[in-house]
Amino acid sequence: MRLVMNQPVEQMERPYARRWWALLVLCLSLLIIVMANTALTVAAPDMTEDLGLSSADLQWVIDGYTVPYAALMLLLGAIGDKYSRRGALVLGLVVFGGGAVSGYLAGSATAVIAARAVMGVGAALIMPATLSLLAATFPRAERAKAITLWTATAGLAIAAGPLVAGALLEDHGWSSTFLINVPIAALAIVGAFVLVPPSRAGHHDRIDYVGGLLSVVWIGALVYMIIEGPHFGWGAKAIGAAVLAGVGLVAFVLWELRHPRPVLDVRRFAERRFAGSNLAVALFFLAVFGAFYFLTQHLQFVLGYDALDTGLRMLPLAGAVFVGSALTGYLTPRVGMKWTVSAGMVGGTVALALLTRVDAGSSYGDFVVPLVVLGLAIGLALSPCTDAIMGSFPESELGVGGAVNDTSLELGGSLGIAILGSLLGTSYSDHLADATQGTKLPPSALATAQDSVGAGYAVAQGIGDKARQVAGQAAQATDPQQAAQLKAQAQQLAAGARQMADSVGSSFSDAVAHTSLVGAVVLGAGTVLVALLLPRKDKPAEEPAEQEEREPADVC
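If you count the sequence shown from 1, position 291 lands on 745 in my numbering, and the numbers rise without skipping.
Take a look at the structure:
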């Protein structure tokens, strides 16, 4: 048996014998790039305290990963198709691991943001390569099953990120959440050479670099606008990014329509199956990432769970994803992707609708059913959509197909955090202002508390600390009258601290309910649109998306 796998699948007389082991390597690679985002939501409080991050710093620590990740996938997917899909995967893992080491060593906000950006570049190489290698390695009859396991891994990573980060934070600092990626990336690199067959497109046409660079411009500007506008206001930066995104998109479409071999044939979006699948992926991750954003905050701040406990309580979501993925493998061949995807999106809408019942008295038990329903929905909806998107591309453009799927996912997730996160913040701020009306809370303290739920509890804790300080002064006072006044003041402050904490908790719970309602309406409307777009009859699985003469792929 060869130590390094050098024979392309196209040159094999029968299906590659170790293809399921190869899938394990691809799923490991996918696992770390999804966990890199979800783990950070749990590590963010410790990082903020240690580095003294402002809210803007923290936002860009999170989104410094997202911008290059989303913007570069299409171009890098095309480059991987032409030169080497396995090479793109390995290079991406090296870059990602290097960024993770930099993040571990970082000692400032700027250094962490730069490290996250480097990891985003690595992820942009890895993500489309995993899907293109999967599609190239598996025969078409098994591809849907392999994609089901791939999407189940993505769902697992959403819940596993907080769990792994929480376990590390029990005994280590926030920087350990970066370092955990390094041994997994190293293992995946070795596995890629030993188990994953090399693959690249059969043709040798020049890459449409102009179209690729235009895609980088408009997608990058769009993601930047999505982040900047809702969180920091619609100033010159956000408006400029919006204009650049619009102009870049128009230029990209016009160029691709005229190019003989475009980086992405935009005419595919006229196909109902392709357009509906991309819309479903974007809308679903808008809902999932938005919900995940406020659920982790509610578990940590309102219900008071530490990082590890928060991760453990997200596990029902991961388990349900696997069940939903198993169901989609059974249902899709029998009822068709239209009904399976629609059922998954209805499930996601129901999960968000259930979260509208959240209030100040809600416990973790009130979140279990929505988490399970959401996990089932992810498993049901995403695998058929990814399979349909990949099936729309010829073998020579599998990297581009993976990039299109992953760009839809990333744009949806960015929109979810930006739109639902912004709505959550506004709703929380308004509810807190109403809840504290008539109290003696200074305007400056209220403004601080309105910034975030964490800041709100910090203000309440500050009032409590002041109460204990005054109580200590009362205990040491020799004048009985002064002691009585100080004691009364301490009791008043203690009551104010409890009232403030209750107001913060109830305001955030109300904001979660309100945001969930909006998310349910958006996803519900999207479900109807997707159901209308998707054709009733599925394309036969064995029928290629585009007939073409294929040359033997070179070894690389």
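Even glycine gets a Cβ: it sits at the ideal position worked out from N, Cα and C. Since we're looking at a predicted model, the values are computed, not measured.
- prompt: Are at least three pairs of beta-carbons, each pair with one atom in the stretch 956-965 and one in the stretch 755-768, less than 8 Å apart?
  reply: Contact holds between the stretch 956-965 and the stretch 755-768, because three or more Cβ pairs, one in each stretch, are under 8 Å apart.
message: Alpha carbons only, please: which of S669, L698, W474 is nearest the one belonging to F706?
response: Among S669, L698, W474, the Cα nearest to that of F706 belongs to S669.
- request: Can you tell me which of the three DSSP states Q1001 falls into?
  value: Only weak support is given to the placement of Q1001: the predicted model assigns it a pLDDT of 40, under 50, and the question is left unresolved by the model.
task: Tell whether a beta-carbon distance below 8 Å holds between D511 and S850.
output: No, these two residues do not count as a Cβ contact at 8 Å.
task: Return the CA-CA distance between F728 and P522, expressed in angstroms with no decimal places.
output: Answer to the nearest angstrom: the Cα atoms are 25 Å apart.
- prompt: Whose CA, out of L477, L494, A979, lies closest to the CA of L733?
  reply: Checking every option, the nearest Cα to that of L733 belongs to A979.
message: Quick check on N635: buried or exposed, where buried means 16 or more other Cβ atoms within 10 Å of its Cβ?
response: Classification for N635: buried.
- prompt: Where C481 and T969 are concerned, what is the direct C-alpha to C-alpha distance, given to the nearest angstrom?
  reply: The straight-line gap from Cα to Cα measures roughly 32 Å.
Run of the alpha helix (DSSP H) containing N491, from where it starts to where it stops: Per DSSP, the continuous alpha helix (DSSP H) segment holding N491 begins and ends at 473-505.
field: the stretch 939-957 in contact with the stretch 679-697 per 3-pair CB rule at 8 Å
entry: The stretch 939-957 makes no contact with the stretch 679-697, as fewer than three CB pairs between them are under 8 Å.
query: Exposed or buried, which one is Y784 when buried takes at least 16 other CB atoms within 10 Å?
result: In the assembly as shown, Y784 is an exposed residue. Its beta-carbon has fewer than 16 other beta-carbons within 10 Å.
T591 in three-state terms, based on DSSP: Correct three-state label for T591: helix.
message: Distance check for D841 and R597, CA to CA, integer angstroms please.
response: Those two C-alpha atoms are separated by around 8 Å.
message: Here's the rule I'm using: 16 or more other beta-carbon atoms within 10 Å means buried, otherwise exposed. How should M466 be labelled?
response: M466 comes out exposed.
- prompt: Can you list, in chain order, the stretches of the alpha helix (DSSP H) that have 4 or more residues and sit fully within the stretch 849-925?
  reply: Contiguous alpha helix (DSSP H) elements confined to the stretch 849-925 occur at 852-869, 875-889, 897-903, taking only those with 4 or more residues.
task: Taking A595 as the reference, give the member of A646, L478, P469 with the closest Cα.
output: For the residues A646, L478, P469, the minimum Cα distance to A595 belongs to P469.
Among E725, L587, S629, the one whose alpha carbon lies nearest that of V555: Residue nearest to V555 within the set E725, L587, S629 is S629 (criterion: CA-CA distance).
query: Does the stretch 517-532 come close enough to the stretch 662-678 that 3 or more CB-CB pairs lie under 8 Å?
result: Between the stretch 662-678 and the stretch 517-532 there are three or more C-beta pairs closer than 8 Å, enough to call the two in contact.
task: For T981, name the three-state secondary structure that DSSP assigns.
output: Residue state, collapsed to three classes: helix.
message: Just to confirm my understanding: we take R540, look at its own chain, exclude 5 residues before and 5 after, and list those with CB closer than 7 Å. What are they?
response: Residues of the same chain with a CB within less than 7 Å of the CB of R540, apart from the 5 flanking positions on each side, are L587, A646, V650, P652, S653 in chain order.
task: Could you name each continuous alpha helix (DSSP H) segment of 4 residues or more that falls completely within the stretch 781-845, going from the start of the chain to the end?
output: Runs of the alpha helix (DSSP H) inside the stretch 781-845: 791-808, 819-845.
message: Can you give me the C-alpha to C-alpha distance between L886 and T584, rounded to a whole angstrom?
response: Their Cα atoms are separated by approximately 45 Å.
Sequence-distant residues of the same chain with beta carbon closer than 7 Å to W514, five excluded per side: Here the set comprises I567.
task: Could you check if R721 is buried or exposed, using at least 16 other CB atoms within 10 Å of its CB as the buried criterion?
output: By the 10 Å Cβ count, R721 comes out exposed.
field: DSSP-derived helix/strand/coil call for M954
entry: M954 falls in the helix class under three-state DSSP.
query: Between which two residues does the alpha helix (DSSP H) harbouring V704 extend?
result: Residues 690-712.
- prompt: How many angstroms separate the CA atom of A608 from the CA atom of V488?
  reply: Rounded to whole angstroms, A608 and V488 show a C-alpha spacing of 7 Å.
query: Can the beta-carbon of G477 be found closer than 8 Å to that of A640?
result: Just to set this straight, residue 477 is Leu in the shown sequence, not Gly. 8 Å or more divides the Cβ of L477 from the Cβ of A640.
- request: Note down, one range per segment and in chain order, each alpha helix (DSSP H) of at least 4 residues found wholly within the stretch 564-648.
  value: Segments of the alpha helix (DSSP H) lying fully in the stretch 564-648: 594-625, 630-633.
- request: Can you grab the Cα-Cα spacing for the pair P998 / P462, in whole Å?
  value: Because P998 carries a pLDDT of 43, less than 50, the predicted location of this residue cannot be relied on, and the following value inherits that uncertainty. When rounded, the separation of the alpha-carbon atoms in P998 and P462 is 20 Å.
- prompt: Considering only residues of the same chain and omitting the five flanking positions on each side of Y1058, which have a CB-CB separation below 8 Å?
  reply: One cannot answer for residue 1058 here, as it falls past the ends of the chain, which runs 455 to 1010.
- prompt: Is there contact here, the stretch 603-621 with the stretch 767-780, by at least three beta-carbon pairs under 8 Å?
  reply: The answer is yes - the stretch 767-780 touches the stretch 603-621, with three or more Cβ pairs under 8 Å.
- prompt: For T605, which residues of its own chain have a beta-carbon under 7 Å away from its beta-carbon, when the five flanking residues on both sides are left out?
  reply: Result list for T605: S779, L836, S837, T840, in chain order.
query: Measuring CA to CA, which of A909, G853, L863 is closest to I832?
result: If you compare the alpha carbons of A909, G853, L863 with that of I832, the shortest gap goes to L863.
message: If I measure Cβ to Cβ from N859 and keep anything under 6 Å in the same chain, skipping five residues before and after, which residues do I get?
response: Counting only Cβ-Cβ distances below 6 Å, and skipping sequence neighbours, we find T840, I843.
message: By alpha-carbon positions, which one of V671, S846, D719 ends up nearest to L698?
response: Among V671, S846, D719, the Cα nearest to that of L698 is on V671.
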